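Chemist: The listed protein sequences derive, respectively, from chains A and B.
So the first sequence is residues 93 to 463, counted in this note's numbering.
So the second sequence is residues 209 to 465, counted in this note's numbering.
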Amino acid sequence: METEQAQTRCGRTPEPADAGMSRRVPEGIGALLVVLTERPVSLYAAAVLRIGYGLLYLAFLLREFPHRDEIWGPGSPWTPELATQLFGQTGWASLLTLSDSRAYFEVCYATALVTSALFMLGWRTRAVSVLFAIMVASFHARAIFMTDGGDNLVLLMAMYLVFTACGRRWSLDARRTRLRASAGEATPPPAGRAAAGLHDSRRTLTSVLHNCGMFVIAAQVCFLYGSAGLYKVQGGSWGNGTALHYVLNLDLFRPWPELSLMADEHDVLLAIACYLTVLLQVAFPFVLFGRLKYPVLTMLLGMHLGIAVLMGLPLFSGVMIIADAVFLPDRFYRSLGRLWRRTSRRDTWKTGDPPRGEPPLVPTQPAPSSH
Amino acid sequence: MREARVERPGGAVLGGAEAVDVDGPDRTGTPPTGQQDRGGEALAFHGSSKPPPSILKAGTSVAVVLCLATALVHVLLVFLHVAPPNPLSQQYSRQVGAWVFPLFEQNWRLFAPDPDSVNRQISARTMHTTPDGTAQVSGWFDLTAVDNSAVKHNAFPSHTAQNMLRRAWSSYLETHGGDDQPRSQRALMVQQYLTNIAADRIAAHRGGSFESVQLRVVTVPIAAPAAAGVPGPSAAAAPKSAETRYLPWWKVASHGN
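1. Identify the continuous beta strand (DSSP E) that holds R218/A and give its terminal residues.
2. Use the C-beta contact count for H384/B: other C-beta atoms within 10 angstroms, 16 or more gives buried, fewer gives exposed.
3. Going straight from the alpha carbon of N362/B to that of N341/A, what length do you get?
4. May I have the straight-line CA-CA distance separating D359/A from I226/A, to the nearest angstrom?
5. Skipping 5 residues on each side, what residues in its chain have a beta carbon closer than 6 angstroms to that of Y425/A?
6. Verify whether the separation of the beta carbon atoms of V272/B and T129/A is less than 8 angstroms.
7. Measuring straight from C-alpha to C-alpha, what distance separates A219/A and F211/A?
8. Helix, strand or coil: how does DSSP classify Y454/B here?
9. Taking 8 angstroms as the CB-CB cut-off, is H396/A touching chain B?
10. Have a look at the DSSP bridge pairing and note the partners of A343/B.
11. If I follow the unbroken beta strand (DSSP E) through Q422/B, where does it start and stop?
12. With the cut-off set at 8 angstroms, would you say F237/A and R328/B are in Cβ contact?
13. Along chain B, which residues have their Cβ under 7 angstroms away from the Cβ of D343/A?
14. What residues in its chain sit with their C-beta under 6 angstroms from that of W184/A, if we drop five residues either side in the sequence?
15. So, under 8 angstroms CB-CB, L311/B and A229/A are touching, yes? Tell me the CB distance rounded to an integer number of Å.
16. Compute the Euclidean distance between the alpha carbons of S319/A and Q344/B, then round it to the nearest angstrom.
17. If we define contact as Cβ-Cβ less than 8 angstroms, is P455/A a contact residue for chain B?
18. Are the C-beta atoms of G276/A and some chain B residue less than 8 angstroms apart?
19. Counting C-beta neighbours from all protein chains within 10 Å, is the total for I405/B 16 or more, i.e. buried, or is it exposed?
20. Should V359/B be labelled buried (16 or more other beta-carbon atoms within 10 Å of its own) or exposed?
21. Leaving out five residues on either side along the sequence, give the residues of the same chain with a beta carbon under 6 angstroms from the beta carbon of W457/B.
22. Whole-angstrom Cβ separation of L372/A and L392/A, contact assumed at under 8 angstroms?
23. Can you pull the DSSP bridge partners for N327/B?
24. Indicate whether the contact test is met: 3 or more Cβ pairs, each with one atom in the stretch 380-395 of chain A and one in the stretch 349-356 of chain A, closer than 8 angstroms.
25. Name the residue from L253/A, Q181/A and G167/A whose alpha carbon lies nearest to the alpha carbon of V473/A.
26. DSSP beta-bridge partners for K459/B?
27. Mark H413/B as exposed unless 16 or more other C-beta atoms lie within 10 angstroms of its C-beta, in which case mark it buried.
28. What's the call for R302/B, buried or exposed, on a 16-neighbour Cβ count within 10 Å?
29. Should A204/A and F231/A be called a contact, given that it needs their Cβ atoms to be closer than 8 angstroms?
30. Check whether the Cβ of S293/A lies closer than 8 angstroms to any Cβ atom in chain B.
31. Do you know how far the Cα of R261/A is from the Cα of V222/A?
32. If contacts are defined as beta-carbon pairs under 8 angstroms, then G327/A and D322/B qualify, I think. What distance do you get, rounded to the angstrom?
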């Protein structure tokens, strides 16, 4: 997580909310408050979360298309009556239990598909993010006995993302704002002092909500790894290095038995992997503030790719990889964007098309503060 | 959409009673003259005759404080929820539960403290009473084998194969324990769920008419690593050889009639 230094608007004074406060509190806290209320941090990471979770949920829904009725529909062995009864006990709710009709379920399923796609693309992001959170919560609650850790994290992230400005970068919203700006349709400055005050308040609140949301997301990922590690420390098999042997022999998580068998033969390597897993998870929250986070994030990426293939859990792994990506700085994503533009431009030259004067995908100028 | 974004925090703040509580000390702490001076400057600068929107400013400050407080409280309560039980989380378990459940419930005991050291093979058979009163019991149908073959050589297995039966059975173990007496509402619900899974799958794969089903669960321990002489994760608890558990016959809504 890092402040988007290069893109801050220097011309604005931190006048609206915290000027009175910052005079009273020490300099450092004052500066922190300015960042908090004026600069939405890690806008690219937020965009990556939006794109990643929208895409993964879309993939999940499409993958379960043949099983959709069995999982969420009126024909599920976890019947609508059982689900409603459980909601009464736990306080959950779901759009899916409002009606037992198959047609209603199909409409909900289609809506969820469309919502995930629109969320991924960043179209009217704030409104769609609310709809996405409601959809994910509804589908999660309806099939609560079929969920795993990946589904759980998607639900949490969907709710947190409602508060973030995750549509500011790499989205249709950003594109629209950019096109409007290049067409010279600058939004007129708010007329009158009251309107200006309202505009400033909205900007401050959006920033604060976004920053709080990103903070909660980061803390959530740290808690995830921290507690996963702490619980593993309590287990004997992680201590004596045999845990992965048992994991590799679980029939339901062994899509490629030959591969699992091959991995199972290297008991020394497995023991090292056991120790490394626990160490990485426990250490995760502590390495985030230094350069050490890059090797750690790379190793976690490797671990998750291994889980995805060896255990047949691509969805779970994808969800975790996206969660890790929140800790990469904006300058990383900006250079990624530049790289992508450069290669795509080279490709258009190769195919012989004249390079069109398209505006870059990633705006180099800050987009207007709200859209 | 824009309006909603502003009104939600702002409206809650201005309308709420606690907003006044937070607001009070904050504003008394600010020198009143300073506030008015700045307002006056701005007034002169803009040349407007409207009064400065100081209520808006105060409201914004309160909303900022509320946002920060909510984020911090949320993080603290989620921490207490996911951390291993400790004196603090036990003391505040009611507050933690009220905040976290149901939306923020989470559990990150991924293969922890120890991964399962057994594979479970769940089969089901059905009973049909013919019109002349004789009971016909079918052969066993291996539900787990269907799941295993659905997972095998599949890069993206379905939740129905990996999670449905597996989690239904672990929930059954949690709610029933060693015997098959449902002692709670939840236990009955899980039992119903397990019955439905078995009945639906048999009806889909084998067909035939039946009025009740019985489950059989064979627990097969995973052998300890061959090379090392280290004992398994819970060597005392894990069975040395396969164990078979027969569940009672359960009535189902008539299938295939």
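C-beta atoms are modelled at their ideal positions from N, C-alpha and C, and glycine is treated no differently.
Just so you know, these numbers come straight off a predicted model, no measurement behind them.
Modeler: If we stick to the structure as given:
1. In the first sequence, the residue the question calls residue 218/A occupies position 126. It is not in any beta strand (DSSP E) - R218/A instead sits in the alpha helix (DSSP H) that spans T217 to R234.
2. Against the second sequence, residue 384/B aligns to sequence position 176. Counting the other Cβ atoms within 10 Å of the Cβ of H384/B gives 16 or more, which makes it buried.
3. Counting from one through the second sequence, the residue named residue 362/B turns up at place 154. Counting from one through the first sequence, the residue named residue 341/A turns up at place 249. N362/B and N341/A: Cα-Cα distance of roughly 16 angstroms.
4. Residue 359/A sits at position 267 when you count from the first residue of the first sequence. Residue 226/A sits at position 134 when you count from the first residue of the first sequence. When rounded, the distance between both Cα atoms is 45 angstroms.
5. Working through the first sequence from its first residue, we reach residue 425/A at position 333. When the five nearest sequence neighbours on each side are left out, the beta carbons in the same chain lying within less than 6 angstroms of the beta carbon of Y425/A are those of Y136, in order along the chain.
6. Sequence index remark: in the second sequence, residue 272/B carries index 64 (1-based). Sequence index remark: in the first sequence, residue 129/A carries index 37 (1-based). Taking 8 angstroms as the Cβ cut-off, V272/B and T129/A qualify as a contacting pair.
7. Walking along the first sequence from the start, residue 219/A turns up at place 127. Walking along the first sequence from the start, residue 211/A turns up at place 119. Rounded to whole angstroms, A219/A to F211/A spans 9 angstroms at the Cα level.
8. The residue labelled residue 454/B in the question sits at position 246 within the second sequence. In this structure, Y454/B counts as strand in the three-state DSSP scheme.
9. Counting from 1 along the first sequence, the entry for residue 396/A is found at position 304. By this cut-off, H396/A is not an interface position.
10. As a working mapping, residue 343/B is identified with position 135 in the second sequence. According to DSSP, which records beta bridges pairwise, A343/B is partnered with T337/B.
11. Sequence index remark: in the second sequence, residue 422/B carries index 214 (1-based). Going by DSSP, Q422/B is part of the beta strand (DSSP E) stretching over F418 to P429.
12. For the purposes of this step, residue 237/A is identified with residue 145 of the first sequence, where counting begins at 1. For the purposes of this step, residue 328/B is identified with residue 120 of the second sequence, where counting begins at 1. In this structure, R328/B does not lie closer than 8 angstroms to F237/A by Cβ.
13. For this step, residue 343/A is matched to residue 251 along the first sequence. Within 7 angstroms of the CB of D343/A, the CB atoms of chain B belong to N327 and N356, in sequence order along the chain.
14. For the purposes of this step, residue 184/A is taken as the residue at position 92 of the first sequence. The residues are A233.
15. The sequence position of residue 311/B within the second sequence is 103, counting from 1. The sequence position of residue 229/A within the first sequence is 137, counting from 1. Confirmed, about 7 angstroms.
16. Start at 1 with the first residue of the first sequence, and residue 319/A comes out as number 227. Start at 1 with the first residue of the second sequence, and residue 344/B comes out as number 136. If you draw a straight line from the Cα of S319/A to the Cα of Q344/B, it comes to about 51 angstroms.
17. Residue 455/A sits at position 363 when you count from the first residue of the first sequence. Any answer about P455/A is weak, because its pLDDT of 41 lies below 50 and its placement is not dependable; what the coordinates show is given next. For P455/A, not one C-beta of chain B is nearer than 8 angstroms to its own C-beta.
18. Numbered from 1 along the first sequence, position 184 holds the residue referred to as residue 276/A. No, G276/A does not count as interfacial toward chain B.
19. Within the second sequence, numbered from 1, the residue matching residue 405/B stands at position 197. With a threshold of 16 other beta carbon atoms within 10 Å, I405/B meets it and is buried.
20. Within the second sequence, numbered from 1, the residue matching residue 359/B stands at position 151. Buried, by the Cβ-count rule.
21. Here residue 457/B is taken as the residue at index 249 of the second sequence, counted from 1. Taking C-beta separations shorter than 6 angstroms and ignoring five residues to either side along the sequence, the partners of W457/B in its chain run S420 and Q422, following chain order.
22. Counting from one through the first sequence, the residue named residue 372/A turns up at place 280. Counting from one through the first sequence, the residue named residue 392/A turns up at place 300. Right, the Cβ-Cβ distance comes to about 6 angstroms (below 8 angstroms), so this counts as a contact.
23. Here residue 327/B refers to the residue found at position 119 when the second sequence is read from its first residue. Its beta-bridge partners are V428/B.
24. Touching, no.
25. Not covered by the structure: residue 473/A. The range shown for chain A is 93 to 463.
26. Counted from its first residue, the second sequence places residue 459/B at position 251. Under DSSP, K459/B shares a beta bridge with S420/B.
27. Numbered from its first residue, the second sequence carries residue 413/B at position 205. Exposed is the call here.
28. The residue labelled residue 302/B in the question sits at position 94 within the second sequence. Classification of R302/B: exposed, given that the 10 Å Cβ count is below 16.
29. The sequence position of residue 204/A within the first sequence is 112, counting from 1. The sequence position of residue 231/A within the first sequence is 139, counting from 1. Cβ atoms of A204/A and F231/A: closer than 8 angstroms.
30. Along the first sequence, one-based indexing puts residue 293/A at 201. So yes, S293/A belongs to the interface.
31. Locating residue 222/A in the first sequence gives position 130, counting from the first residue. Locating residue 261/A in the first sequence gives position 169, counting from the first residue. R261/A has its alpha-carbon roughly 18 angstroms from the corresponding atom of V222/A.
32. Locating residue 327/A in the first sequence gives position 235, counting from the first residue. Locating residue 322/B in the second sequence gives position 114, counting from the first residue. The Cβ separation is near 4 angstroms, so the contact holds.
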